[in-house]
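Data block below; observations after.
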Ligand SMILES: N[C@@H](CCC(=O)N[C@@H](CS)C(=O)NCC(=O)O)C(=O)O
């Protein structure tokens, strides 16, 4: 087994799909968490000023979360990124990415307002807070059901099980999808209704199925998130 260290902040976000893939593979890894106050000092020492980082067998530092996810799926597991389903896994990853990207303006406007054409500190103003609330509630009401419908389409092809049809086990696409879907249900994103997945019961069942896999169940004591889903 390779010796793996994954370095990220003490949150789920970009590292969590990789952590889930490692956990599902049964691959041990060092789960290094950087406290936000320590980031300022570490940032200039990283290749691109960002996390996550990964080292394999004490080799050179690697960057790019999606490369890490694919590498773990291909190297640490026989089932998470199967060679005969490469296209299907990539297609499902793309569907999940479209959903995540669509939410980014509403999600990150408070953290990086300038990237979205607003002045620094915008998210802390009353106007900014109203804007964030409007963007997030509108996205959840108008956009999310559309993306959940796309996931449902993939699940239907798979008999309701996983995002890639014809497999008895989840893939890295499921790790990627569930982290994002679960993030909406946990009350961590202001103004997002934690019951928002309920518009699509098939997707709720899917997230529950994933969270009931033994290694995931052990990890997520809060199930898919809000108490209503337990
Ligand atoms: N394409 C990179 C993006 C990495 C990235 O943007 N990381 C963010 C956290 S998700 C970060 O390190 N932000 C802190 C900063 O930029 O100072 C990846 O997927 O790994």
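In my numbering, the protein residues as written are 1 to 230.
Glycine residues also receive a C-beta, built at the ideal position from the N, C-alpha and C atoms.
Any idea which residues DSSP pairs residue 53 with across the strands?
-> 7, 63
With 16 other CB atoms within 10 Å as the buried threshold, where does residue 225 fall?
-> buried
Pick from 8, 222, 80, 210 that is closest to residue 187, judged by C-alpha positions = 222
When you compare only the Cα positions, how much space is there between residue 115 and residue 121?
-> 12 Å
C-beta contact flag for residue 69 and residue 61 at 8 Å = no
How should residue 168 be labelled, buried or exposed, when 16 other C-beta atoms within 10 angstroms of its C-beta is the threshold for buried?
-> exposed
Name, in chain order, the residues that DSSP records as bridge partners for residue 33.
-> 8
Nearest-angstrom Cβ-Cβ length linking residue 190 and residue 109, presumed shorter than 8 Å | Actually they do not touch by this definition, with Cβ atoms about 11 Å apart.
How many angstroms separate the CA atom of residue 4 from the CA atom of residue 36?
-> 22 Å
Secondary structure, alpha helix (DSSP H): runs of 4+ residues fully inside the segment 159-198 = 172-183
C-alpha gap between residue 67 and residue 146, whole angstroms = 27 Å
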